[in-house]
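Structure, as structure tokens:
Residue numbers (the numbering used here): 299 to 621.
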């Protein structure tokens, strides 16, 4: 039987559209079971806190549990690799942080390429860090700190969450621009106890990690690391007010394995953008020192690529290698 040309073309168009329609319906139903968000850091520090706020909001909006799974190690690369190797079905996501852009240069033997293998889903927010000192240190401003550090080279210990992590590189950028000699003391996790005790004297810390210590005057903030002041610490200046060109802002977002259906990525992007604009969640994030920011997946991908290039220059200048 020979079909009329018009009917044949109509049936062909329907056949071609079926896979697309099927993927769309599947994405509309997503998620149908719990979703894991892998966090490459221990519980209780800034990325974990942000992931839990976001995961709870996604659970409420989408009616399925978004479970936070902490898989720390190797500067968050262990968590990233778990997601890279997970099925591309939207049920394993990654809490992406600015350290992910750093690791692309810092680690020469990674079994994956972050930009290629992790699909950007959505930005959650910027996380300006804050330069804090133990109150026993006789400096109350960035100029005073620089003068003291130059008068006491190699006598100030600078804590970080680990070699090559954002808290380390922000300190290295400061050292480079200020021309000071600080002794880097890397920790595999929280350094708060030693900083509070004065065993280390300065740190470039995510605001959520130290905000309570600042509020009760157990740590003294000298400056925030972004280009401008932040809402949660309005009276604390930016380092750039004293050191021209200093701009170092962390960020948090969500990524997924390469090949995750675009319809699922778009759905997650829409929901996360709505979450960061929701007044209650926005206020919660701001109280933690996170500046909520919505982006398209393409915009978030560009931010990751730009920061990868920026931090590569600092790593090479300071001759930083992964331990």
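A virtual CB, placed ideally from N, CA and C, is assigned to each residue, including glycine. Here the structure is a predicted model, which is why all the values come from computation and not from measurement.
For residue 529, the secondary structure class from DSSP, reduced to helix, strand or coil, is coil. Between residue 351 and residue 579, the CB-CB gap stays under 8 angstroms. In this structure, the beta-carbon distance from residue 482 to residue 465 does not fall below 8 angstroms. With contact defined as three or more Cβ pairs closer than 8 angstroms, the stretch 554-561 and the stretch 422-435 are not in contact.
Distance from the CA atom of residue 522 to the CA atom of residue 537, rounded to whole angstroms, is 6 angstroms. Spatial neighbours of residue 610 in its own chain (CB-CB distance under 7 angstroms, excluding positions within 5 residues in sequence) are listed in chain order as 403. Secondary structure at residue 443: helix, using DSSP grouped into helix, strand and coil. DSSP links residue 393 through a beta bridge to 552. Residue pairing for residue 367: DSSP places it in a beta bridge opposite 336. In the DSSP assignment, residue 458 falls within the unbroken beta strand (DSSP E) covering 455-458. Our two residues, residue 486 and residue 329, have alpha carbons roughly 35 angstroms apart in a direct line. Rounded to the nearest whole angstrom, the C-alpha separation of residue 571 and residue 358 is 14 angstroms. By the 16-neighbour rule on beta-carbons within 10 angstroms, residue 376 is exposed.
Membership of residue 427 in the beta strand (DSSP E) is indicated by the continuous run 416-431.
Residue burial annotation: residue 519 is buried, with at least 16 other C-beta atoms found within 10 angstroms of its C-beta. When the alpha-carbon of residue 439 is set against those of 535, 598 and 619, the nearest one is in 535.
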